[in-house]
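Heads up: the structure comes next, in structure tokens.
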Amino acid sequence: MDTPKIRNMEEFAALSGISRPTVSKYFNDPGSVRKSTRARIEAALELYDFRPNIYAMNQNRRLTKNIGIMVPNLADPFFAEIARRIEGLVIDAGYRSILISSHDGPRHEVDNLDALKSLKPAGVLMAPVGRASDKEAVAAFIEDMPTVLFDSNIEGLGDAFVGHDNKQATEIMVEYLVRTGEPPVFFEMRNPPNPNAFKRQTAYVGAMGALGMTPEIIRIEGKGWDFEEIGYREGLQIIAGRKLPSDTVLCSNDRIAIGLLAAAYEKGWRVGRGPGFALRIAGHDDHPFARFTSPSLTTTA
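Residues in the sequence shown are numbered consecutively from 146, following the numbering used here.
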């Protein structure tokens, strides 16, 4: 005889002979029911091949077992690695993750917030798209949802912020570059989407001043998050025009530095330290690909 197809938890409870509240309690926490009851439920699950719709279950709760994780771009290895680590911690804590990307755009970010609100997660871990974020929409979402911001802060919003100490890391890098060669120029976008770039620029200026040196900033053109392409394209022009006032360049992030490395290679400039090398390039963020460039990128995090 064919096993009946079960559509919901009510039908499963009726067929298994176990009360609906007990079944629900099991799915919330298998350890909360007696061993004998758990064994009966698990045997029935095997028999009827039933798996509850977790998201549908959550709609009936005020507090769910879901945690939203939102990043600007999951195709970016930097954010993909952060999301992977956060997701592991979420799972270890007994929650389920809802992982979504804003595709580097404020409109997608707002759409994601609306979607998350309908799923009623227990909380959200959000890396905003940066200066382009719709602050009013984010603020409205945070009023109703426990939210921790990471990577890029929006001043005054969120229950907490987890981020990089841009000042300390930049000071360490500047001190190292000055100690081992020519003082660095700072290479950044004129209008960067991520506010971390401005924090790093401020830290660079302060660190150079503390060492008694004059800061020099090269502001390159470009919009959006295609940092490698921007660093490569603008780097080609600057190298071709020999517009670098120093043979040491500190980029505002590793992705721009990777683009500049490609430009230097194309123009035949050897990157490294010592005789025979034309340029030193350093970045910021400890990007997952930094150690695989040639030469490996000097970076900090």
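All residues carry an ideal CB built from backbone N, CA and C; glycine is no exception.
**Prompt:** Considering Glu333, what are the terminal residues of the beta strand (DSSP E) in which it resides?
**Reply:** Position 188 of the sequence shown, counted from the start, is the residue given in the question as residue 333. Unbroken beta strand (DSSP E) run through Glu333: 330-334.
**Asked** In its own chain, which residues sit with a C-beta less than 7 Å from the C-beta of Leu244, not counting the 5 before and 5 after it?
**Response** Looking up residue 244 in the sequence shown gives position 99. Annotation for Leu244: Ile214, Ala228, Glu232 place their beta carbon closer than 7 Å to its own, counting only its chain and skipping 5 residues before and after.
**Message:** In the DSSP output, which residue or residues are listed as bridge partners for Gly213?
**Reply:** For this step, residue 213 is matched to residue 68 along the sequence shown. Gly213 pairs with Ile243, Val269.
**Message:** Could you tell me the alpha carbon to alpha carbon distance between Val394 and Asp289, rounded to whole angstroms?
**Reply:** Looking up residue 394 in the sequence shown gives position 249. Looking up residue 289 in the sequence shown gives position 144. Here the C-alpha atom of Val394 lies approximately 44 Å from the C-alpha atom of Asp289.
**Request:** State the Cα-Cα distance for the pair Phe223 and Ala188, rounded to the nearest angstrom.
**Result:** Position 78 of the sequence shown holds residue 223. Position 43 of the sequence shown holds residue 188. Near 43 Å, if we compare the C-alpha coordinates of Ala188 and Phe223.
**Prompt:** For Arg179, which three-state DSSP category applies?
**Reply:** Taking the sequence shown and counting its residues from 1, one reaches residue 179 at position 34. Coil at Arg179, not helix or strand.
**Request:** Kindly indicate the opening and closing residues of the alpha helix (DSSP H) around Val283.
**Result:** One-based indexing of the sequence shown puts residue 283 at position 138. First-last of the alpha helix (DSSP H) with Val283: 280-289.
**Message:** Quick check on Met146: does DSSP put it in helix, strand or coil?
**Reply:** Locating residue 146 in the sequence shown gives position 1, counting from the first residue. Note that Met146 has pLDDT 46, beneath the 50 cutoff, so the model's placement of it is unreliable and the number below is only indicative. Here Met146 sits in coil by DSSP.
**Asked** CA-CA distance, Phe295 and Arg335?
**Response** Residue 295 sits at position 150 when you count from the first residue of the sequence shown. Residue 335 sits at position 190 when you count from the first residue of the sequence shown. Those two C-alpha atoms are separated by around 23 Å.
**Message:** Among the candidates Arg183, Arg196, Thr182, whose CA atom is the shortest distance from the CA of Ile156?
**Reply:** For the purposes of this step, residue 156 is taken as residue 11 along the sequence shown, with counting starting at 1. Strictly speaking, residue 156 in this sequence is Glu, with Ile absent from that position. Minimum Cα distance to Glu156 is reached at Arg196.
**Asked** Ser247 to Gly354, Cα distance in whole Å?
**Response** For the purposes of this step, residue 247 is taken as the residue at position 102 of the sequence shown. For the purposes of this step, residue 354 is taken as the residue at position 209 of the sequence shown. The alpha-carbon atoms of Ser247 and Gly354 are separated by roughly 38 Å.
**Prompt:** Contact check, Leu424 vs Ala409 under 8 Å by CB: the rounded distance?
**Reply:** Translated into the one-based positions of the sequence shown, residue 424 becomes position 279. Translated into the one-based positions of the sequence shown, residue 409 becomes position 264. Between Ala409 and Leu424 the Cβ distance is about 6 Å, and since that is below 8 Å, they are a contact.
**Prompt:** Relative to the alpha-carbon of Leu264, which residue among Ser242, Arg400, Gly176, Glu281 has its alpha-carbon at the smallest distance?
**Reply:** Taking the first residue of the sequence shown as position 1, residue 264 is located at position 119. Nearest of Ser242, Arg400, Gly176, Glu281 to Leu264, Cα basis: Ser242.
**Item:** Nonlocal neighbours in the same chain, by C-beta distance under 7 Å from Asn339, ignoring five residues either side
**Value:** Along the sequence shown, read from residue 1 onward, the residue named residue 339 stands at position 194. Closer than 7 Å at Cβ, skipping near neighbours: Gly275, Ser297.
**Prompt:** So, Asp399 versus Thr444, is the Cβ gap smaller than 8 Å?
**Reply:** Within the sequence shown, the letter at position 254 stands for residue 399. Within the sequence shown, the letter at position 299 stands for residue 444. Yes, Cβ-Cβ distance for Asp399 and Thr444 is below 8 Å.
**Prompt:** Under three-state DSSP, which class holds Val394?
**Reply:** Here the question's residue 394 lines up with position 249 in the sequence shown. In this structure, Val394 counts as strand in the three-state DSSP scheme.
**Cβ pair Ala402, Leu356 closer than 8 Å** = Position 257 of the sequence shown, counting from 1, holds the residue named residue 402. Position 211 of the sequence shown, counting from 1, holds the residue named residue 356. Not a contact, by the Cβ cut-off of 8 Å.
**Message:** Measuring straight from C-alpha to C-alpha, what distance separates Gly376 and Gly404?
**Reply:** If you number the sequence shown from 1, residue 376 lands on position 231. If you number the sequence shown from 1, residue 404 lands on position 259. Straight-line Cα distance between these residues: approximately 4 Å.
**Item:** Close beta carbons around Gly421, own chain, < 7 Å, minus the five adjacent residues each side
**Value:** Stepping through the sequence shown from its first residue, residue 421 is reached at position 276. Around Gly421: Arg415.
**Asked** DSSP puts Phe306 in a beta bridge; with which residues?
**Response** Sequence index remark: in the sequence shown, residue 306 carries index 161 (1-based). Looking at the DSSP assignment, Phe306 forms a beta bridge with Leu294.
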